[in-house]
Structure formats: structure tokens, C-alpha cells
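To start, the structure itself, in C-alpha cells.
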């Protein structure tokens, strides 16, 4: 059996897809293909990063729902922000947002990004992501599971 | 005394005029057979004899072709750099001497013009003698070029004694009577003498010293034309007159060539001085030429004449292409030096905006030196590779061993050559300036750009239209029947075809396809973008931080660091990292100092002990002459007495 035949026989092995959730945020106008996201770690404990990595891994395969992580905000349609906004990352976060072409979406992933979580009121903390920029979608959880992240992304991509 | 524009124009004009004369004479000698000229009164006893054949014609034409752009370029360069009168006089003289070397028809004339060339180049290297580095480079060059001359002198004396005459013709006619011992002696001595001029390992040490310290037009002449004379000597004396040589001649040439090529390119890829990089690249390219010559000799000695002819053509093409791109490279480096006063790549950068013309010129040179398609060096390197791959060895152990090894050395050389040239161009000319001097750079004047454009045109011809050189190379190849046995070389037409072999290639069509593809892509992207909104101008993405600075860029040192690490055993760098902590906490770093010193390991191992021994001996001898006139008179009387006693 050739390897191409094997691929055809085995098919996709990923976590089964749930029903598409209702749209909470429209994809940025003009985005007709997939949603390209730039991830910014504003001061996360890296728990959310692990879950995002899992969500885009071959097991959960978030890319089949039309979301993708890119290397530069210039290539992106939106931001994927994790962690509480620390003083050091405040300005870089704003700079990154400025570099994403409009229209754009901002997705806050994890409790810290949504409301400060365990680090709210800390001495080096500016606040949640919503305190420094308008947020379109919030994904609660500490950390959110890959399914939760994918469900939130699907509310934007509409697939 | 700074020179006036008139003096500079006279010197540059004469240089270019000699160049035109050289090209004309060379071409007429290639196509019209040999030219003889005998002037008996010019030199006592032997007389001066010129005999320009097709082989010499090629080298005369190549030297002339280098001199024309250099002459045009040097007018404004000399004025900008405030040349004194002396180098202005020496520049055309140097070109004239170089034109005489391949035209020489007898041993005496050859040695005379060789020495003229060496002395003129030495004087030019020393033109900025107020700088200590120049004096040191000059001393190094003087000693090495004179030792090389002594070696050639000895070799040619043996040759003319064994060959029964002074003229090369006479020697060639009596070559059958030369004993194998004399042949071996001549071959080894000429290899040392001509090899040192060509910059072959381990006699390359003068190149990376003299080339960077000489004024740039002189560097261009030395690197693109003078080192060729070493190769000319090897072909003329060893292959044309003495050949066909035994197997080990070809083997020796191949080994020296391959080692020089790899070592040269390795040093070039870690060099941070623009002109040192180009100088080591000269060692690399002359190594490749010698490798091709060796392959041609070895294959010819085993009867594989067709493949030998391909290797020989590759050697000749490589000489021409190296002359073209190295002229351009050194002239462009000279423009940078004149505009910024810098040769250090770690301090350059950002010249693409400030010196667009020079940047394009250096880009063409770098493309040629990296041996990629559309570069000047590509056709020659392709031919060399084909001849190395396609040499059928028929159970011959030596060929079966040497050819794959040479392919390996050649591949390593080309790969590292690309890295070296990407570094020189990318770090030196692109991105942001790394120093105020580079920031204040201004474009070179039009006449300097014109000189460079001529050399760039030669690069373009070699890259896409080698068809123009086909007839000339055929004549030259036929004049060296001892290598290739008069077999038809490769056909340099629109398609390069190799007789008896499967490979063929068309540089012109590759270029045409590339141009069409670029135009098509441009047109399609324009057409696709016709409904898009107007592009917005935004600041550069700096990874979230406020702005980019030149400190964030790659430097030549950091670009070459992985290579330096891989070849640690060969290069033996002396690196030193010094970390200073804050007084309050040793977890916080105040500053990090990184220092790396790359000495040439061959020079270090081989030359330092010799220089040391000579110095010790000189100190010892020095005691014999303390400066007393009486003592010197006593020496004279003693010497006279000894002579009288012996000659009694």
C-alpha cells in the first residue's frame, strides 16, 4: 500500500467536532478566508499558552475551523491575548494592536486576560485586557480547555 | 602633495589607454597567431624578445580589460584620496609591466618584466606609507614577492640551461632532451614561485595583507590581473613548454588548488574587513583555477582528452570571470572606503539608500563571486563541476579517489562562497547604518560609477553570453595541446554543450526565463491589486518595542559565528567573553564584552617560526657591523686577502 493510499484509508484522526456555536462576534469585514491571529502574552503564567498550543495541535486541530496563528501582526486579522496586562507588556501590547490592520478582533483567553484572575491588583499589574483595549470575545477558565478555546474561535469564524 | 585633476586624469587616461592597447593586442594575438618582436640593443647580452601567442594574448587581453575600468575609476578616486605624484606615475607603469609579462618570449625578458611588475606593485602598495599597517604589509609583500622571484629565477635558469637556449621557442623545441630530474626541479620551483604570486596556500599570506592596505584601484589591478600572472606562469612553463607532465603534476596542482580554495573561502566567510574578505576570495578563486588546471593535467595524462579540454576551458573562463567580478568588487569597496573611510563590515550598513549605484555594482560582483546562475562565475564553475563529475575513471584508483574528493572540496567552496558574499553584501550595504560615518555616506562621482559599470558589463557578458568568448577560448585551448591533446572543448553557444557528455545548459535562456518570470509576476500583482485600497504607510514592526535600532541587526561577526563554531579546529579563533555585573547584585549584568581575534592559522604556524629564526640570526649577524669604519675597512682587506689566496 502506498502512503497516499494509507492517508486515504485512515482519514482524519482528531477530536470530534461539536455543533457550531452561535456567533458572538462577526469576523472582521473583508475577511473571507480564515481568521489569522497574532498571539500576545501580556503576562501569563503560560498555562493558557499550553492550552492554545494544544488547541492548534493535531489532536484538536483548530485550523479546520478556519483559525490560524501567525508570526506577525501585519499578517493578522486579530489578537489573541493571554494573561494579565503587566506594566512591562502594556506598551508592547498597544503597539501590537496598532500594527494589526483594521478591522480587527481582540480575543482575551483565560481568567487573567478577562478580569485579572489570581493576579488582579498585583503591584506590577495594569489590569485586564479589557481595561486597556476593547475586547470582542472572552474565553473564561484558568486555564480554558482546548475545547473552550476552539468554541470561542468558532464563534468568530462562523464554522 | 595632493594631486590636481589634470595629473590624475593623465595617469588614469594612460592606464586606460594601456588597457585598450592590451585588449587590442591580446585579441589580435589570439586570432591572428603569434607575434614576434626582437629588440637586441635594449638589454645587453640577451636582448629583449617578445613572442605573443594565443595563450599570452588571452592574459594580455584580460589584463587590458581590467586596466580600462580601473583607469577611468582612478581619476576621481586619486583626487578624492589625495594621491601623491608617485603612485600616479606608477599606476600606468604597473599596467604596462603586467602587459609585458605574458608577451615575453624569452627567459630574460620574462624575468625582467616579472620583476618590473613586482616592483611597481610594491611601490603602489606602499603609496599610503605614512600608516604603519601599510608599511608592515609592504614589508611582507616585498619579502614574499622577492622570494617568489628567486624561486622562478632558479627554475628558469635550470630550464634554459637544460633546454639549451634563452628563448621559450628554443626551449620548447629541445624539450625532449630535458632530463626528468630537471623537469621535476623546474616544476616544483615554478609551483612555489608562481603559486606565491597566485596566492596559493601556504604562500598566500601576502594577499590578505597587501590587498586591503593598497589603494582600491591598485587592489583591483593586483587581485584581478596580477595574480593571474602566477597562473599564466604555471600554464606557460609547466604545461605548455614542459608538458605533458607525469601524473603527480596534475595531482599536486589539484591538491594545492583544492586546499587553497577551501581555506581561502573559509577565511573569507569569517572575515569582517570588506577588502580582506575580497582578498581571501582571490585565494579561493585562484585555488579553483589551479584545481581545474590540475584536473585537466591529470585527466590528460590518463588519456581522457575530451574531459581534460573541458576542465582547461573551465580554468580559462574562471580566470576571466574572476578578473571581471573582482575588479568590480574592489572598485565598489573603494567607493565605500572613499565615502565612509571604513572597511569594517561591522561598522557599515545602510549604504543601499545612500549609495544606490555602488550597491548595485557590488551586488553584481557578489553574485559573480558566489557562482550562482546569472553571476559571472557560474559558467566556469559549472564546466569545472561537469569535468570533475564526468571523468570516467575505468578502474583507475587515483582518478576514482581524486575526482569525488575534488567535487566535495568544490561544493564546500561554492557553498561557503555564497555565505561570504551574502555577508559582504547584506551586512555591508543593506539594513541600517551602524556608524555615523556610514550614515553620512554619499554616492560616488559619475566617473567612478562609469568605471564600475564597464566592469559590470563584463560580468554580464560572462554570465549570460559566454557565446561571445567561445571562439577566443577555442584558439587558446588549441595552443595548449599538451593539455586536452587538441580535443574539441565544450561548445560555448547559446547552449553550452559538452562533446561526448550528456550535460548541457544555457545561461542566456535561464536569464531570459528569469526576466520573463519577474515581469509576469510584477504584471500579475499589479493587475490583481487594481481594486485594492491605497496602501497605508506605517512604522516598521519592531516586535512590540518602540523602534528598531542598528544594534539589533546582524553584524558580520554574528553572521559568521555559526560557521566559525563549526570550523573551530581549522580557524582557531581567540574569543573572549567578559561579563560585568552590577555591584549591587551579581544576577544583573551591567555589560557584556565580546572580543574575537581571527589570526590566519597557517600564517601563525608556518611564518612566525621562520620570521623568528631570521630575526634571531639577524641579531647575531648584526654584532659584526657595529658602525666602525675601521672595522669595515679591515673586513674589506680581509676579503681581498682571502680572494687573493684562493685565486693565487
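Protein chains in written order, with the working numbering: chain P, 1 to 159; chain L, 1 to 648. We put the CB at the ideal spot given by N, CA and C, even for glycine. Quantities reported herein were computed from a predicted structural model and do not represent experimental measurements.
Could you compute how far the alpha carbon of residue 116 of chain P sits from the alpha carbon of residue 93 of chain P? 16 Å
Would you report the Cα separation of residue 286 of chain L and residue 199 of chain L, rounded to the nearest angstrom? 7 Å
Give me whichever residues DSSP pairs with residue 38 of chain L in a beta bridge. L/49
Three-state secondary structure (DSSP) of residue 534 of chain L: coil
Consider the Cβ of residue 74 of chain P: report whether some Cβ of chain L lies at a distance smaller than 9 Å. yes
Hey, quick one: how far does the beta strand (DSSP E) through residue 591 of chain L stretch, first residue to last? 589-597
Since residue 421 of chain L and residue 369 of chain L are thought to touch, with beta carbons under 8 Å apart, how far apart are those beta carbons, to the nearest angstrom? 5 Å
Could you check which residue in L/600, L/71 and L/29 has the C-alpha nearest to that of residue 10 of chain L? L/71
Contact criterion: CB-CB distance below 9 Å. Does residue 544 of chain L meet it with respect to chain P? yes
How many angstroms separate the CA atom of residue 138 of chain L from the CA atom of residue 84 of chain L? 17 Å
Using only alpha-carbon positions, find the residue among L/645, L/76 and L/203 that is nearest to residue 256 of chain L. L/203
So what's residue 158 of chain P in DSSP terms, helix, strand or just coil? coil
For the beta strand (DSSP E) that contains residue 39 of chain P, what are its first and last residues? 35-41
Members of the region 77-99 of chain P near chain L, C-beta cut-off 7 Å: 92, 95, 96 and 99
Test item: CB-CB of residue 23 of chain L and residue 59 of chain L under 9 Å: no
Does the region 371-378 of chain L come close enough to the region 317-324 of chain L that 3 or more CB-CB pairs lie under 8 Å? yes
Could you tell me which residues DSSP puts in a beta bridge with residue 104 of chain L? L/50
Contacts of residue 541 of chain L in chain A (Cβ-Cβ under 9 Å): Among the protein chains of the structure shown, namely P and L, there is no chain A.
Under three-state DSSP, which class holds residue 51 of chain P? helix
For residue 284 of chain L, count neighbouring C-beta atoms within 10 Å of its own C-beta (all shown protein chains included) and say buried if the count is 16 or more, exposed if not. buried
Just to confirm before moving on: does the CB-CB distance between residue 64 of chain L and residue 21 of chain L stay below 9 Å? yes
Tell me, please, whether the CB atom of residue 538 of chain L is closer than 9 Å to any CB atom in chain P? yes
Excluding the five sequence neighbours on either side, which residues of its own chain have a C-beta within less than 6 Å of the C-beta of residue 352 of chain L, listed in chain order? 359, 429 and 430
Using C-beta distances below 7 Å, list every residue in its chain close to residue 346 of chain L, excluding the 5 sequence neighbours before and after it, in chain order. 272, 434, 555, 556 and 557
Please classify residue 618 of chain L as buried or exposed, where buried requires at least 16 neighbouring CB atoms within 10 angstroms. exposed
Could you check if residue 14 of chain L is buried or exposed, using at least 16 other CB atoms within 10 Å of its CB as the buried criterion? buried
With 16 other Cβ atoms within 10 Å as the buried cut-off, status of residue 156 of chain P: buried
How would you label residue 628 of chain L, buried or exposed, when you count the other beta carbons within 10 angstroms and need 16 or more for buried? exposed
Only counting the same chain, and skipping five residues up and downstream in sequence, which positions put a Cβ closer than 6 Å to that of residue 44 of chain P? 82 and 83
Determine the contact status of residue 294 of chain L and residue 251 of chain L, defining contact as a CB-CB distance below 9 Å. yes
Apply the 10 Å Cβ neighbour rule to residue 313 of chain L and answer buried if 16 or more other Cβ atoms are within range, or exposed otherwise. buried
Output the distance between the C-alpha atoms of residue 43 of chain L and residue 281 of chain L, rounded to the nearest integer angstrom. 39 Å
If you pair each beta-carbon of the region 301-311 of chain L with each one of the region 220-231 of chain L, do three or more pairs fall below 8 Å? no
For residue 111 of chain P, which of helix, strand or coil comes out of DSSP? helix
So, for residue 550 of chain L: in the same chain, excluding its five sequence neighbours on each side, which residues have a beta-carbon less than 8 Å away from its beta-carbon? 349, 350, 431, 432, 433 and 434
Just how far apart, CA to CA, sit residue 19 of chain L and residue 66 of chain L? 7 Å
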